[in-house]
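Q: For reference, the structure I am asking about is given below.
As structure tokens, then:
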């Protein structure tokens, strides 16, 4: 089982009756993001996809392979999409001025990388990428995602399981065997810690086989939640993500 | 909590509170995001700082774009101004130079603020910084003006679109120009009504503007368009300050922009399948830029 937690100071908060679960449109959605150019979809969004791939795979990357689809595949050099994806996988933010140098930085860290193109089919978003991230223990995670514009992204699959989340929220992801009770156990842990769920989605390959649950909240998860969840029988893997 | 979903909402709230539209937007941001005013202002101060840095860098340090289609235009413009040869007067010509600089920094993978997008990132800083300098305004006034600009942008985003892929360049450079025009009026001490008229006048001038960039990159015609729209924003601001009103109210212009955007063919909305992108020169340049990139499977 693999467990990744992104801590910092996590405070438990009392849920307020009026607290919105979904983010309000902000001034800084219009005057923002602060980013490395040239393109919020092909550069800033690509960097965020790389960051999410790093976090989902566990945080210590030894090798990264990127397969670009559609418009990403057609214009990636001119938009620095390749440099941005790799920068995100190395842990850089979309406004990190070292982003254009990510190839050299990867080499200096001993991280190997490769870029090529792929056809993910006509249903895939035109700015999609499939990322194969190998961690320092040799485990590879397959993550696909799409850059939606304005720096917004979504993750569309993890290890072949279809998902759909943005990385804008505190997110907990479990990969588990599809059986009754797991969803209830996880959500009751959250309720016990007064965490307000904004979105919850469950996906499965087919009944009784591999499944995936994604829960998004606008509150931090309590310390240790990831550990508790990873110990629920049937849970193969747990990932806890801070908003990126 | 009050809604700020239209130009009329902004005007009504400004009148109720007896403050500028910038202040209305700032207070609304603090309330809707559940943060202190001080924190919200500090964040906008950071936005201003990145804008200023990106606007001045290119004036003296030319930077080649990734696609190598542009680079050095901001310095050329700045040299013209410093040589006393600019026809358009100090404030406007400097706005052009600053806007060109931001666009150049963007196209060469430097740090900018999307305002509202990376493709239109030069217009608001170019106009606001130049007008601010000309009027001797301090950072606090510039921050107030940026809040107003954000408010105008949010109205356009909520009722139309800020995305070139959806609305063409009307939605990106057009929106930025409207935001900048309003911001310049507020800096000059114009009334909230004049700010909104300036936004309407500017946006009306953008209707039908298509997005057909060469090789799909944010370089040609984007960077020079940013330069010109910084100038247009100041022109719209001057008209509004002169008491010229937009016959069609701002909210109706926004709705028109949205409808027109839907009628623009996909080939002219950020796909590089029409217009400038398929001129002989555009086609040749695209081929040269991408000839080393692997071809996607069809």
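Protein chains in written order, with the working numbering: chain A, 25 to 268; chain B, 3 to 300.
By construction, the Cβ of each residue, glycine as well, lies at the ideal position given by its N, Cα and C atoms.
1. Would you mind stating whether residue 155 of chain A and residue 167 of chain A have Cβ atoms separated by less than 8 Å?
2. Exposed or buried, what is residue 42 of chain B when buried is set at 16 or more other beta-carbons lying within 10 Å of its beta-carbon?
3. Runs of 4 residues minimum, wholly inside the stretch 206 to 236 of chain A: which ones carry the alpha helix (DSSP H) assignment?
4. Straight-line CA distance for residue 45 of chain A to residue 93 of chain B?
5. Give the interface partners of residue 58 of chain A over in chain B, defined as CB-CB distance under 9 Å, in chain order.
6. Apart from the five residues on each side of it in sequence, which residues of its chain come closer than 6 Å, Cβ to Cβ, to residue 251 of chain B?
7. In the DSSP assignment, the alpha helix (DSSP H) including residue 98 of chain B goes from what residue to what residue?
8. Express the C-alpha separation of residue 5 of chain B and residue 134 of chain A in angstroms, rounding to a whole number.
9. Considering only C-alpha positions, which residue in the set B:77, B:51, B:256, B:224 is nearest to residue 119 of chain B?
10. Pull up the distance between the alpha-carbon of residue 81 of chain B and that of residue 64 of chain B, whole angstroms please.
11. Would you list, in sequence order, the uninterrupted alpha helix (DSSP H) runs of no fewer than 4 residues that lie entirely inside the stretch 10 to 36 of chain B?
12. Are residue 171 of chain A and residue 66 of chain A touching if we call contact CB-CB under 8 Å?
13. How about residue 121 of chain A: is its C-beta nearer than 8 Å to some C-beta of chain B?
14. Using the three-state DSSP reduction, which class does residue 123 of chain B fall into: helix, strand or coil?
15. What's the gap between the Cα of residue 131 of chain B and the Cα of residue 148 of chain A?
16. Specify, as a first and last residue, the run of the alpha helix (DSSP H) that residue 228 of chain B falls within.
17. For the alpha helix (DSSP H) containing residue 132 of chain A, name the first residue and the last one.
18. If you reduce the DSSP assignment to three classes, tell me which class residue 163 of chain A lands in.
19. Express the C-alpha separation of residue 176 of chain A and residue 267 of chain B in angstroms, rounding to a whole number.
20. Decide if residue 152 of chain A is buried, meaning its Cβ has at least 16 other Cβ atoms within 10 Å, or exposed.
21. Buried or exposed for residue 244 of chain B, going by 16 or more other Cβ atoms inside 10 Å?
22. Just curious, the alpha helix (DSSP H) that residue 55 of chain B is in, first and last residue?
23. Taking 8 Å as the threshold, find out whether the stretch 10 to 28 of chain B comes into contact with the stretch 188 to 202 of chain A through three or more Cβ pairs.
24. With a threshold of 6 Å on Cβ separation, who are the neighbours of residue 88 of chain B within its own chain once the five nearest residues in sequence on each side are excluded?
25. Do the CB positions of residue 146 of chain B and residue 188 of chain B come within less than 8 Å of each other?
26. Given that residue 54 of chain A touches chain B, what residues does it touch there, using C-beta distances under 9 Å?
27. What residue from A:79, A:224, A:64 has the CA that sits closest to residue 157 of chain A's CA?
28. For residue 142 of chain B, report the span of its alpha helix (DSSP H) as first-last.
29. Quick one: is residue 193 of chain A near chain B, going by C-beta distance under 8 Å?
30. Should the stretch 178 to 192 of chain B be regarded as contacting the stretch 129 to 144 of chain B, the criterion being three or more beta carbon pairs within less than 8 Å?
31. Spatial neighbours of residue 173 of chain B within its chain, please: CB distance less than 8 Å, with the 5 preceding and 5 following residues excluded, ordered by chain position.
32. Secondary structure at residue 187 of chain A, three-state DSSP: helix, strand or coil?
33. Go ahead and label residue 204 of chain A buried or exposed: buried means 16 or more other beta carbons lie within 10 angstroms of its beta carbon, across all protein chains shown.
34. Using a Cβ cut-off of 9 Å, pull out every chain B residue sitting near residue 49 of chain A, in sequence order please.
35. Residue 261 of chain A to residue 121 of chain B, Cα distance in whole Å?
36. Could you check how far apart the C-beta atoms of residue 61 of chain A and residue 109 of chain B are, in whole angstroms? I think they sit under 8 Å.
A: Taking the geometry as given:
1. yes
2. buried
3. 206 to 216
4. Residue confidence for residue 45 of chain A is low, a pLDDT of 43 falling below 50, so the modelled location carries little weight; the figure read from the coordinates is stated next. Put simply, the backbone Cα of residue 45 of chain A is about 45 Å away from that of residue 93 of chain B.
5. 48, 49, 52, 113, 114, 115, 116
6. Residues of the same chain with a CB within less than 6 Å of the CB of residue 251 of chain B, apart from the 5 flanking positions on each side, do not exist.
7. That run of the alpha helix (DSSP H) goes 91 to 109.
8. 52 Å
9. B:224
10. 12 Å
11. 23 to 35
12. Closer than 8 Å, so yes.
13. yes
14. Three-state DSSP puts residue 123 of chain B in coil, outside helix and strand.
15. 42 Å
16. 224 to 243
17. 126 to 133
18. coil
19. C-alpha separation (whole angstroms): 24 Å.
20. buried
21. By the Cβ neighbour-count rule, residue 244 of chain B is exposed, with fewer than 16 other Cβ atoms within 10 Å of its own.
22. 39 to 62
23. No, they do not touch.
24. 82, 95
25. At a Cβ-Cβ threshold of 8 Å, residue 146 of chain B and residue 188 of chain B count as neighbours.
26. Listed by position along chain B, the residues whose Cβ is nearer than 9 Å to that of residue 54 of chain A are 116, 117, 118, 151, 152, 153, 154, 155, 156, 158, 159, 164, 177, 181.
27. A:79
28. For residue 142 of chain B, the enclosing alpha helix (DSSP H) covers residues 141 to 161.
29. Proximity of residue 193 of chain A to chain B, defined by a Cβ-Cβ separation below 8 Å, is not satisfied.
30. Yes: at least three Cβ pairs fall under 8 Å.
31. Result list for residue 173 of chain B: 158, 162, 163, 164, 165, 166, 259, 263, in chain order.
32. strand
33. exposed
34. 34, 156, 159, 160
35. Spanning the two alpha carbons is a distance of roughly 40 Å.
36. 6 Å
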